[in-house]
Amino acid sequence: GENVEQHPSTLSVQEGDSAVIKCTYSDSASNYFPWYKQELGKRPQLIIDIRSNVGEKKDQRIAVTLNKTAKHFSLHITETQPEDSAVYFCAATRGSGGYQKVTFGIGTKLQVIP
Amino acid sequence: DSGVTQTPKHLITATGQRVTLRCSPRSGDLSVYWYQQSLDQGLQFLIQYYNGEERAKGNILERFSAQQFPDLHSELNLSSLELGDSALYFCASSPSLDQPQHFGDGTRLSIL
Chain A
1129 GENVEQHPST LSVQEGDSAV IKCTYSDSAS NYFPWYKQEL GKRPQLIIDI RSNVGEKKDQ
1189 RIAVTLNKTA KHFSLHITET QPEDSAVYFC AATRGSGGYQ KVTFGIGTKL QVIP
Chain B
142 DSGVTQTPKH LITATGQRVT LRCSPRSGDL SVYWYQQSLD QGLQFLIQYY NGEERAKGNI
202 LERFSAQQFP DLHSELNLSS LELGDSALYF CASSPSLDQP QHFGDGTRLS IL
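Line by line, the protein sequences are chains A and B.
Okay, so the first sequence: first residue is 1129 according to my numbering, each after it adds one.
Okay, so the second sequence: first residue is 142 according to my numbering, each after it adds one.
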C-alpha cells in the first residue's frame, strides 16, 4: 500500500520567516495531494491541493510543489504569522475504478513565535 | 462550518460496549470517508462509501463496520470496545471521488 513520510515532525519559526514541510510518497499511481491544517481540538481544514499534472500551485502566502519523478511534494508558507501555528498534514490520494484511497502523513506541528 | 455534521460530539462509554457514530455529508456530496485520530497521532483512513456502496477500506478493525444510507448519511458502528479505541473519529465528504474532502467536527469517543 501507499506510504507517506512527512518531515519535520515539529517546526518552530520566527514570525515573518518561511516554513517548509516535505512529504514523500511511495505509490506512483497517487495523483492528488491535499494539505490540511488542524488547530488543536478542531477538524482538519483543506488549505491547498495539487494534482499530478501540475508542478506548482500558489494561493497567497501558501504554495505547494510536486516532483512526480522523485515522488515528493512540499508545502511552503511565507511571511508566517502566529495564526499559522497548527498541525499540518499532507496526504497522497489514489483514485481509480471508482474509489479514492487516502494516506496521510504523520503531521507537522508548526509553531510561529511572535 | 464545513457543512458536514457529525453526532454526537462526545461519547463516553465502557469497554465491551457498542456505539454508533453518525455523519451527514454536505449537501450534494456523494462520497463519505471515516477516519480515526488517536491522541497526538495522525489521521488513519478507515473506510469510504460512494452513493451507498463501499468503495475503499483502510485500517478498519473487524469490530468496526459502517454503512451509507439512501439519503447519503453514514453511520460507523464500533463494537466490543477497547480502551485503545478512545480517539477522535472524523467523517469527511466530497462531491465525487476525485474532489477535495471536507471534514466534520468529529466525535470524541472516550472508553472508560
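Heads up, the beta-carbon is just placed ideally off N, CA and C, and yes, glycines get one too.
Just so we're clear, the structure is a prediction, and the values are computed from it rather than from any experiment.
Hey, would you say residue i sits closer than 8 Å to residue j, going by beta carbons?
i, j, result
"Tyr1160 of chain A", "Gly1223 of chain A", "yes"
"Leu213 of chain B", "Leu171 of chain B", "yes"
"Phe1217 of chain A", "Gln1166 of chain A", "yes"
"Ser1202 of chain A", "Leu1238 of chain A", "no"
"Gln1173 of chain A", "Gly1235 of chain A", "no"
"Ile1176 of chain A", "Ile1190 of chain A", "yes"
"Ile1241 of chain A", "Ser1154 of chain A", "no"
"Ser234 of chain B", "Arg167 of chain B", "yes"
"Arg159 of chain B", "Ser251 of chain B", "no"
Based on Cα-Cα distance, which residue from the options lies nearest to residue i?
i, options, result
"Ser1137 of chain A", "A:Asn1131, A:Lys1150, A:Ser1146, A:Glu1130", "A:Lys1150"
"Val1182 of chain A", "A:Gln1188, A:Pro1172, A:Leu1194", "A:Leu1194"
"Gly193 of chain B", "B:Phe210, B:Glu203, B:Arg249, B:Thr248", "B:Phe210"
"Val145 of chain B", "A:Arg1171, A:Gly1144, A:His1135", "A:Arg1171"
"Ser179 of chain B", "B:Lys198, B:Ile252, B:Ala228, B:Pro236", "B:Ala228"
"Thr230 of chain B", "B:Thr161, B:Lys198, B:Pro241", "The residue asked about is misnamed: residue 230 of chain B is Tyr in this sequence, not Thr. It is B:Thr161."
"Glu203 of chain B", "B:Arg196, B:Leu217, B:Gly247", "B:Leu217"
"Ala197 of chain B", "A:Val1215, A:Ser1180, A:Thr1221, A:Leu1168", "A:Thr1221"
"Asp1187 of chain A", "A:Glu1211, A:Ala1198, A:Thr1206", "A:Thr1206"
"Trp124 of chain B", "B:Leu222, B:Phe205, B:Ser221", "Not covered by the structure: residue 124 of chain B. The range shown for chain B is 142 to 253."
"Leu224 of chain B", "B:Ser143, B:Pro149, B:Thr156", "B:Thr156"
"Gly183 of chain B", "A:Pro1210, A:Val1132, A:Gln1209", "A:Val1132"
So, is the C-beta of residue i closer than 8 Å to a C-beta in chain A?
i, result
"His243 of chain B", "yes"
"Phe210 of chain B", "no"
"Gln177 of chain B", "no"
"Phe231 of chain B", "yes"
"Phe205 of chain B", "no"
"Ser251 of chain B", "no"
"Ala228 of chain B", "no"
"Asp142 of chain B", "no"
"Leu184 of chain B", "yes"
Kindly indicate if chain B contains any beta-carbon less than 8 Å away from that of residue i.
i, result
"Val1230 of chain A", "yes"
"Asp1145 of chain A", "no"
"Ile1234 of chain A", "yes"
"Pro1162 of chain A", "yes"
"Pro1136 of chain A", "no"
"Arg1189 of chain A", "no"
Return the first residue and the last residue of the beta strand (DSSP E) that residue i is part of.
i, result
"Val1182 of chain A", "Here Val1182 of chain A belongs to no beta strand (DSSP E), and DSSP marks it neither H nor E."
"His214 of chain B", "It is not in any beta strand (DSSP E) - His214 of chain B carries neither H nor E in the DSSP assignment."
"Arg159 of chain B", "Careful: Arg159 of chain B lies outside any beta strand (DSSP E) and carries neither H nor E."
"Ala1191 of chain A", "1190–1195"
"Ala228 of chain B", "228–235"
"Arg249 of chain B", "248–252"
"Thr1208 of chain A", "It is not in any beta strand (DSSP E) - Thr1208 of chain A carries neither H nor E in the DSSP assignment."
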